[in-house]
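K.L.:
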Amino acid sequence: MATYGTLCTWAEVLGYTKALKLLKQNIEEEKGADEKLSSLATNINSAASA
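Here the sequence shown is numbered in my numbering, starting from 1198 and rising by one per residue.
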């Protein structure tokens, strides 16, 4: 995630608006995937400890 932030900054500074837009979309997709995986892990860990 930190890499995406750095790349967004570079894209913005260099004026690469299309790249910046795509990078921001990727960040949102990664956040969504992270939330889903965290939820799955929580459920699996709860079931395993029961």
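Note that the Cβ used here is the ideal one computed from N, Cα and C, for glycine as well. Predicted model, so just to flag it, every value in this text is computed and none were measured.
1) Please state whether the Cβ-Cβ distance between Ala1208 and Ala1199 is less than 8 Å.
2) Could you compute how far the alpha carbon of Gly1212 sits from the alpha carbon of Thr1203?
3) What is the DSSP secondary structure of Gly1229, counted as helix, strand or coil?
4) If you draw a straight line from the alpha carbon of Glu1225 to that of Lys1218, how long is it in whole angstroms?
P.N.:
In short, the structure shows the following:
1) no
2) 14 Å
3) helix
4) 11 Å
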